[in-house]
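Participant:
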Amino acid sequence: MEKNLDLKRLHVKAFARDGVSLNGAQPLAFFERLADLATAQSATEAENTHVQWEISGESVPVAGGEAHIFLHLKASVALPMQCQRCLGPVHSEIVSEQSFRFVPDEATAEAEDDESEEDLLVLTPELDVWELIEDELIMSAPIVPKHPVCPTSVPMSASDESFEAALAERPNPFAALAELKKKPH
Ligand SMILES: [Zn+2]
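With our numbering applied, the sequence shown has no gaps in its numbers, which climb one by one up to 180 at the end.
#1: For residue 93, I'd like the list of residues in its chain whose CB is within less than 7 Å of its CB, leaving aside the five on either flank, ordered along the chain.
#2: Sorted by chain position, which residues of the same chain lie with C-beta nearer than 7 Å to residue 56's C-beta, five sequence neighbours on each side aside?
#3: Once DSSP output is grouped into helix, strand and coil, what is the label at residue 225?
#4: Hey, how far is the Cα of residue 37 from the Cα of residue 64?
#5: Which runs of the alpha helix (DSSP H) spanning at least 4 residues fall entirely within the region 36 to 103, listed in chain order?
#6: My guess is that residue 11 and residue 46 are in contact by the Cβ rule of under 8 Å, so how many angstroms apart are they, rounded?
#7: In three-state DSSP terms, what is residue 130?
#8: Under a three-way DSSP split, which group does residue 139 fall into?
#9: Take residue 85 as the anchor and find which of 144, 16, 24 has the nearest alpha-carbon.
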């Protein structure tokens, strides 16, 4: 049956009822808005970046009522970004793990939102799981990406430059000699 599962139009209720689990890896470029956050160093790096994902459905029986429908989602990506401290490349490990419970309508969602641990979504006949995965990862992405500890840059070029600058500032011995020669005896 898994061949028939279209994650762009998932029938959540059936997915939960059957307790289906799926996982895979999707190229970063597939998620346009998420890819916009990335600053890959090369095309190869961008191509090699994948979003790992897994989803599972669960239907929890409720005494005297309709079963609760759950979708558990886990997604992660090592997003190439730019460190805002040292401006070097950094891979931000973005991980999102979230459970969603589906309720019949917006009113129920609002009424039960405060007492629910999980996120509540209104049940639609077809759920775009890709969009959900992308939204969750974007929400978990760092606003200010940074290395936990920036790589200590050995300022070789900087010290070379200052060495050269120091040399340039030193009076040229030949120029000094020329100055001497110009001096009237
Ligand atoms: Zn850094």
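Ideal placement from N, C-alpha and C gives every residue a C-beta, glycine not left out.
Keep in mind it's a predicted model, so treat the numbers as computed, not measured.
Facilitator: Taking the definition as stated:
#1: The answer, listed in chain order, is 68, 114, 131.
#2: Here the set comprises 62.
#3: This structure does not reach residue 225, given that the chain is present from -4 up to 180, and the question cannot be answered.
#4: Their Cα atoms are separated by approximately 42 Å.
#5: Listed in chain order, they are 38 to 43.
#6: The beta-carbon distance between residue 11 and residue 46, rounded to whole angstroms, is 23 Å. This is too long to meet the 8 Å contact definition.
#7: Note: residue 130 maps to helix in three-state DSSP.
#8: Residue state, collapsed to three classes: coil.
#9: Nearest Cα to residue 85 within the set 144, 16, 24: 144.
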